[in-house]
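In this note's numbering, the protein residues as written are 85 to 494. Backbone N, C-alpha and C fix where the C-beta goes; we use that ideal spot for every residue, glycine too. Owing to the predicted nature of the structure, the values given are computational and were not obtained by experimental measurement. What follows is a short report on a single structure.
The following block contains the structure:
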């Protein structure tokens with residue numbers, strides 16, 4: 085909203101300083117500062133409200149060290165993250181940008197699913213909360229919306245480099261800069277370790293014949309659904325000890341902010357040889373507000389936690405990360421960038437699968453890990469949760485750097 089106000093003041097009255105709002109970096113800085121203030125200042129008030137509403141967490145006895153001390157800690161703290169993200173976005177972002185709209189919808193959609201789950205657990209005395217099938221339906225619904233928007237919306241385009249039709253080499257200006265074709269609708273996306281680091285989903289439907297491109301959504305939308313479901317569930321599983329999900333997600337989000345800003349900047353995308361995607365730079369404001377919200381929430385969620393994010397937070401975080409990656413066409417970097425989420429997911433899948441297999445084969449179930457998800461395995465091994473969290477953060481930073489480096493491997 086303030087963007088439009090200062091844009092009007094700049095163009096109509098030439099107000100000194102108003103032109104700063106044209107710069108994405110300036111608005112991103114304001115967004116992260118504002119979200120930090122909202123999360124830290126208003127977060128305390130929200131925690132007090134949650135305590136008054138008796139929104140304390142019910143802790144299952146897993147035999148973990150310090151577990152009993154967490155009983156009664158307020159949950160649904162994800163409301164802090166949602167509020168601290170959306171307010172700066174509404175203030176500083178261009179609200180007619182399709183990518184920003186898509187992320188606002190994602191935040192509200194996944195936040196509603198998580199809130200309903202937490203609400204049923206606390207006020208309806210249903211320890212399982214929202215049935216799993218309804219969570220999946222919600223995730224699938226969001227996947228359809230995101231996938232269809234990415235495929236059909238006219239504002240979602242990519243500019244590809246002009247190539248010499250004979251040599252296949254890039255056509256550059258006298259100063260050595262790349263030249264680009266007009267913006268085009270395409271399902272081109274980034275994939276590491278393949279030629280040019282790019283693939284096109286349209287190539288996956290060649291069975292449809294010469295006019296295959298219009299049917300690429302049959303492949304693309306299911307992939308989007310899978311990514312959103314996997315990442316949101318991964319974030320949900322990671323939220324098992326104080327500060328783990330929030331800190332890990334902040335590291336991931338900073339990396340995505342770099343990608344979004346570079347991808348939307350024709351000069352830097354050219355210099356770093358990253359796909360140029362018009363209008364994605366505006367996502368930097370959303371992502372930096374998200375980063376500020378996560379760090380501000382971590383103020384209260386770090387060990388010993390004063391509040392838990394609940395499914396209201398974890399499902400929302402995972403959904404946001406997944407949709408950002410899809411929007412900036414970096415979804416195939418998720419296995420590296422979100423490696424912590426992946427390990428947590430795989431630890432549960434392997435544990436359950438192996439237990440069922442060995443029970444059927446030997447009559448008694450056996451386990452790969454002492455407990456899943458993975459962070460509980462280390463807790464069972466005697467590691468203090470603060471040490472586990474710190475080491476997972478370090479791994480997350482390593483994976484973030486590795487993700488960036490991966491794009492330079494061609």
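Here the alpha carbons of residue 437 and residue 315 stand approximately 20 Å from one another. Between residue 183 and the set 238, 380, 111 and 215, the nearest pair of CA atoms involves 238. Closest by C-alpha distance to residue 359, out of 440, 305, 491 and 379, is 491. Proximity to residue 110 across 479, 373, 429 and 433 peaks at 373, based on C-alpha coordinates. In this chain, the alpha helix (DSSP H) harbouring residue 385 covers 367 to 385. For residue 282, the uninterrupted beta strand (DSSP E) run begins and ends at 282 to 284, by DSSP. DSSP places residue 446 within a helical segment (H, G or I) once states are collapsed to three. For residue 274, the enclosing beta strand (DSSP E) stretches over residues 272 to 274. CA-to-CA, the gap between residue 302 and residue 212 works out to about 34 Å. Its Cα nearest to that of residue 331, the residue 478 stands out among 245, 478 and 311. By the 16-neighbour rule on beta-carbons within 10 angstroms, residue 85 is exposed. Under DSSP, residue 215 forms no beta bridge with any residue. With fewer than 16 neighbouring CB atoms inside 10 Å of its own CB, residue 485 falls in the exposed class. If one requires a minimum length of 4 residues, the alpha helix (DSSP H) runs lying completely within the region 173 to 216 are 182 to 207, in chain order.
Proximity of the region 175 to 182 to the region 360 to 371 meets the contact definition, three or more beta-carbon pairs being nearer than 8 Å. Cα atoms of residue 233 and residue 296: separation of roughly 19 Å, rounded to the nearest angstrom. Considering only 283, 472, 461 and 277, the residue with the shortest C-alpha distance to residue 493 is 277.
Assignment of residue 454 by DSSP, reduced to helix, strand and coil, places it in the coil class.
Between the alpha carbons of residue 235 and residue 381 lies a distance of about 34 Å. Nearest Cα to residue 246 within the set 240, 263 and 198: 263. The continuous alpha helix (DSSP H) containing residue 419 extends over residues 418 to 421. DSSP places residue 392 in the coil class of the three-state scheme, outside both helix and strand. Look at residue 298 here: in three-state DSSP terms it is helix. Membership of residue 268 in any alpha helix (DSSP H) is not indicated, and neither H nor E is assigned to it by DSSP.
The secondary-structure analysis by DSSP pairs residue 87 with nothing; it has no beta-bridge partner.
In the DSSP annotation of this structure, residue 415 is not part of any alpha helix (DSSP H), being labelled neither H nor E. For residue 333, the enclosing alpha helix (DSSP H) begins and ends at 328 to 347. From the listed residues 204, 169, 393 and 349, the smallest Cα separation to residue 324 is found for 393. With a beta-carbon spacing of about 7 Å, residue 282 and residue 275 fall inside the 8 Å limit used to define contacts. In the displayed model, residue 306 falls within a helix according to three-state DSSP. Taking 8 Å as the cut-off, the beta carbon of residue 125 is found no closer than this to the beta carbon of residue 375. Beta-bridge analysis with DSSP links residue 264 to 245. Judged by their CB atoms, residue 399 and residue 198 are nearer to each other than the 8 Å cut-off. Taking residue 344 as reference, the option from 446, 205, 415 and 326 with the minimal CA-CA separation is 415. The bridge partners DSSP lists for residue 355 come to none. Remark: C-beta atoms of residue 468 and residue 431 do not approach each other more closely than 8 Å.
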